[in-house]
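**Student:** Got a structure for you, questions after.
Right, here's the structure in full:
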């Protein structure tokens, strides 16, 4: 029997896009770190699976010199991930199979018909509900598919049946994307599900034109109920944790009256499930996000960094982690600074520094502290450079480019014992003030200055300590 099944990947991100053509597969190549290079990761196309309306899968290979297209005449191309079914079983000849794809032949060997496989998808947009707590503000969509159904199934977001003051009125729905099961064949016999996200559209209540002229939507997207709790929601105060940082919904600012205008988008997340008859089940999570506006530049703190910080934080505090594998540790540090350079190249530091200065002044006023001390924490705007509009940004990019040279970085930390503390903000440092430490003037999702994860900072600390272990003080 099939003992265990799971979906790969267990977590996938779909990206919104109005184009009917999904984005092609690509991966990151070697960074362009030549003296006059871009300093950015190179995006390289790879083979992609294309899915027809009848469920037929074909593989498209990139042509010579082809570049990945993230947009076309219709707008952003969506990212549409596949989920593939894997399992563990013992075949009739006694051979053990572990971590192999589930195919139609595997099902047949155990007397399972493709139609007996049951897939389920349940997604929801709970942004409004998270603020109001009203059941009527939930927007959910669910479908179930037998394994032999290969037509595309829409995900129609609706308010729960029987809910009072439903945001989505009966008979209407918010399109949250679609799902489709590819038709297994001799070339692609594996069992898969493809998730296609929404287009990135925004929907509003029927009375939106009477409430504001700032947001103009097509008439066919003005069908939400103005009587829903979301259309009258207000923040409890400037520090309302439901929308931290503040200003995360239309109508939240004093200019808009501080009352929600009732707008929602077609972002969602949820669960993908699959069940075999009388056997095991598997689940995976899908998360829908906006388009990546800088797809060739990686963040210095990624989702993987965040997960590693939660499950592998302690390993970098062991002295053997650095001493037993110094080359691997150095490469991990270099990768971090390459990503710092890429993130730096995507940030307008001049604008961020101005915003951070204003926030420091606001904090100082609230605490009754001198304004000049708050202002001195951030950068003083430098003298303009000839032909350069963003002087602070350009200076920062030039400086950060040197940090990806590992030998230069090693010497820098060997020569300056306090450099790490002076130039990199740690997760344990005071978080209410912006200052000149990296990442400069960038706000985190918690509305405080952004910082490295604790694991990243502890790794840097251990690496610098290992570099200085052989340094003769005073030299």
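Numbering (the working numbering), first residue to last: -13 to 461.
No residue lacks a Cβ here, since even glycine has one placed at the ideal position from N, Cα and C.
Values in this document were obtained by computation on a predicted structure and should not be read as measured data.
List the residues that DSSP assigns as beta-bridge partners of residue 343.
**Tutor:** In the chain shown, the residue the question calls residue 343 occupies position 357. In DSSP, residue 343 forms no bridge with anything.
**Student:** Would you call residue 442 buried or exposed, if buried means 16 or more other Cβ atoms sit within 10 Å of its Cβ?
**Tutor:** Reading the chain shown from its first residue, position 456 is the one you call residue 442. That one is buried.
**Student:** Assuming residue 48 contacts residue 32 (C-beta within less than 8 Å), just tell me the rounded distance between them.
**Tutor:** Indexing the chain shown from 1 puts residue 48 at position 62. Indexing the chain shown from 1 puts residue 32 at position 46. Contact flag correct, Cβ pair sits at about 7 Å.
**Student:** Grab me the residues of residue 12's own chain with a C-beta within less than 7 Å of its C-beta, minus the 5 sequence neighbours each way, in chain order.
**Tutor:** For the purposes of this step, residue 12 is taken as residue 26 along the chain shown, with counting starting at 1. Within the same chain, residue 12 has close Cβ partners 29, 30, 31, 32, 54.
**Student:** When DSSP labels each residue in this structure, what does residue 443 get in the three-state scheme?
**Tutor:** Along the chain shown, one-based indexing puts residue 443 at 457. DSSP, read as helix, strand or coil, puts residue 443 in helix.
**Student:** Which partner residues of residue 272 appear in the DSSP bridge assignment?
**Tutor:** Taking the first residue of the chain shown as 1, we reach residue 272 at position 286. According to DSSP, residue 272 bridges with -2, 256.
**Student:** What are the uninterrupted segments assigned as alpha helix (DSSP H) that are 4 or more residues long and contained completely in the segment 131 to 197, given in chain order?
**Tutor:** 194 to 197
**Student:** Would the segment 317 to 325 and the segment 384 to 402 be scored as touching if the rule is three or more Cβ pairs under 8 Å?
**Tutor:** yes
**Student:** Does DSSP put residue 13 in a helix, a strand or coil?
**Tutor:** Looking up residue 13 in the chain shown gives position 27. If DSSP states are grouped into helix, strand and coil, residue 13 belongs with the strands.
**Student:** Where does residue 59 land, buried or exposed, given buried means 16+ other C-beta within 10 angstroms?
**Tutor:** The residue labelled residue 59 in the question sits at position 73 within the chain shown. With fewer than 16 other Cβ atoms within 10 Å, it is exposed.
**Student:** Which residue's Cα is closest to the Cα of residue 132: 426, 177, 222?
**Tutor:** Position 146 of the chain shown, counting from 1, holds the residue named residue 132. If we check each option's Cα against that of residue 132, 177 comes out closest.
**Student:** With H, G and I counted as helix, E and B as strand and the rest as coil, what does DSSP make of residue 293?
**Tutor:** For the purposes of this step, residue 293 is taken as residue 307 along the chain shown, with counting starting at 1. Residue state, collapsed to three classes: helix.
**Student:** Can you tell me whether DSSP reads residue 383 as helix, strand or coil?
**Tutor:** As a working note, residue 383 is residue 397 in the chain shown. Helix at residue 383.
**Student:** To the nearest angstrom, how far is the alpha carbon of residue 273 from that of residue 449?
**Tutor:** In the chain shown, counting from the first residue as 1, residue 273 sits at position 287. In the chain shown, counting from the first residue as 1, residue 449 sits at position 463. Between residue 273 and residue 449, the C-alpha separation is close to 35 Å.
**Student:** Can you name, in chain order, every residue of its own chain whose Cβ lies under 7 Å from the Cβ of residue 440, other than the five neighbours on each side?
**Tutor:** Numbered from 1 along the chain shown, position 454 holds the residue referred to as residue 440. Once the five neighbours on either side are set aside, the close Cβ partners of residue 440 are 295, 299, 413.
**Student:** Can residue 39 and residue 46 be called in contact, C-beta distance under 7 Å?
**Tutor:** Counting from 1 along the chain shown, the entry for residue 39 is found at position 53. Counting from 1 along the chain shown, the entry for residue 46 is found at position 60. No, the pair does not count as a contact, with Cβ atoms beyond the cut-off.
**Student:** When the distance is taken between beta carbons, is residue 339 closer than 7 Å to residue 427?
**Tutor:** Walking along the chain shown from the start, residue 427 turns up at place 441. Walking along the chain shown from the start, residue 339 turns up at place 353. Contact flag set, yes.
**Student:** Which of the three DSSP states, helix, strand or coil, is assigned to residue 5?
**Tutor:** Here residue 5 refers to the residue found at position 19 of the chain shown. In this structure, residue 5 counts as coil in the three-state DSSP scheme.
**Student:** Residue 30 bridges to which residues according to DSSP?
**Tutor:** Taking the chain shown and counting its residues from 1, the one referred to as residue 30 is at position 44. Bridge partners of residue 30: 13.
**Student:** Hey, would you say residue 180 sits closer than 7 Å to residue 68, going by beta carbons?
**Tutor:** To locate residue 180, count along the chain shown from 1; it is residue 194. To locate residue 68, count along the chain shown from 1; it is residue 82. A contact, by the Cβ cut-off of 7 Å.
**Student:** In the DSSP assignment, find the unbroken beta strand (DSSP E) run with residue 86 in it and report its ends.
**Tutor:** Within the chain shown, residue 86 is the residue found at index 100, counting from 1. It spans 82 to 87 - the beta strand (DSSP E) in which residue 86 sits, taken as one unbroken run.
**Student:** Evaluate residue 27 with the Cβ neighbour count: other Cβ atoms within 10 Å of its Cβ, from every protein chain shown; 16 or more gives buried, anything less gives exposed.
**Tutor:** The residue you call residue 27 lines up with position 41 of the chain shown. With a threshold of 16 other beta carbon atoms within 10 Å, residue 27 meets it and is buried.
**Student:** Fully enclosed by the segment 300 to 355, which alpha helix (DSSP H) runs are 4 residues long or longer?
**Tutor:** Correct list: 305 to 309, 312 to 331, 335 to 353.
**Student:** Classify residue 88: buried if its beta carbon has 16 or more other beta carbons within 10 angstroms, exposed otherwise.
**Tutor:** Translated into positions along the chain shown, residue 88 becomes position 102. Counting Cβ neighbours within 10 Å, residue 88 comes out buried, since at least 16 surround it.
**Student:** Express the C-alpha separation of residue 193 and residue 250 in angstroms, rounding to a whole number.
**Tutor:** Within the chain shown, the letter at position 264 stands for residue 250. Within the chain shown, the letter at position 207 stands for residue 193. So the alpha carbons of these two residues sit roughly 14 Å apart.
**Student:** Report back the beta-carbon spacing between residue 96 and residue -12 to the nearest angstrom; my notes put them in contact at under 8 Å.
**Tutor:** By one-based count along the chain shown, residue 96 stands at place 110. By one-based count along the chain shown, residue -12 stands at place 2. With a Cβ gap of about 6 Å, residue 96 and residue -12 count as contacting.
**Student:** Could you tell me the alpha carbon to alpha carbon distance between residue 447 and residue 385, rounded to whole angstroms?
**Tutor:** The count along the chain shown starts at 1 and reaches residue 447 at position 461. The count along the chain shown starts at 1 and reaches residue 385 at position 399. Those two C-alpha atoms are separated by around 21 Å.
**Student:** Just to check my reading of the structure: residue 184 and residue 207 have Cβ atoms closer than 8 Å, yes? What is that Cβ distance to the nearest angstrom?
**Tutor:** Here the question's residue 184 lines up with position 198 in the chain shown. Here the question's residue 207 lines up with position 221 in the chain shown. So it is not a contact: roughly 12 Å between Cβ atoms.
**Student:** I'd like the list of long-range same chain contacts for residue 212, defined as Cβ closer than 7 Å, with 5 residues on each side in sequence excluded.
**Tutor:** For the purposes of this step, residue 212 is taken as the residue at position 226 of the chain shown. Counting only Cβ-Cβ distances below 7 Å, and skipping sequence neighbours, we find 191, 192, 193, 248.
**Student:** Along the chain, where does the alpha helix (DSSP H) containing residue 467 start, and where does it finish?
**Tutor:** Nothing in the structure corresponds to residue 467, since the chain is present only between -13 and 461.
**Student:** For residue 9 and residue 297, what's the separation of their Cα atoms in angstroms?
**Tutor:** Position 23 of the chain shown holds residue 9. Position 311 of the chain shown holds residue 297. One C-alpha to the other measures close to 32 Å.
**Student:** Quick check on the DSSP output: the beta strand (DSSP E) that includes residue 110 runs from which residue to which?
**Tutor:** As a first step, residue 110 is located in the chain shown; it is residue number 124 there, counting from the start. Per DSSP, residue 110 belongs to the beta strand (DSSP E) from 104 to 111.
**Student:** Under three-state DSSP, which class holds residue 73?
**Tutor:** Locating residue 73 in the chain shown gives position 87, where the first residue counts as 1. Looking at residue 73 - three-state DSSP - the assignment turns out to be strand.
**Student:** Between residue 163 and residue 154, which are expected to be in contact by the criterion C-beta below 8 Å, what is the C-beta distance as a whole number of angstroms?
**Tutor:** Here residue 163 refers to the residue found at position 177 of the chain shown. Here residue 154 refers to the residue found at position 168 of the chain shown. About 16 Å; that fails the 8 Å criterion.
**Student:** Please name the residue, chosen from 410, 418, 421, 433, that lies closest to residue 444 on a Cα-to-Cα basis.
**Tutor:** If you number the chain shown from 1, residue 444 lands on position 458. The candidate whose alpha carbon is nearest that of residue 444 is 410.
**Student:** Out of 168, 109, 210, 103, which one is the CA nearest neighbour of residue 151?
**Tutor:** In the chain shown, the residue the question calls residue 151 occupies position 165. Of the listed residues, the one whose Cα sits closest to residue 151 is 210.
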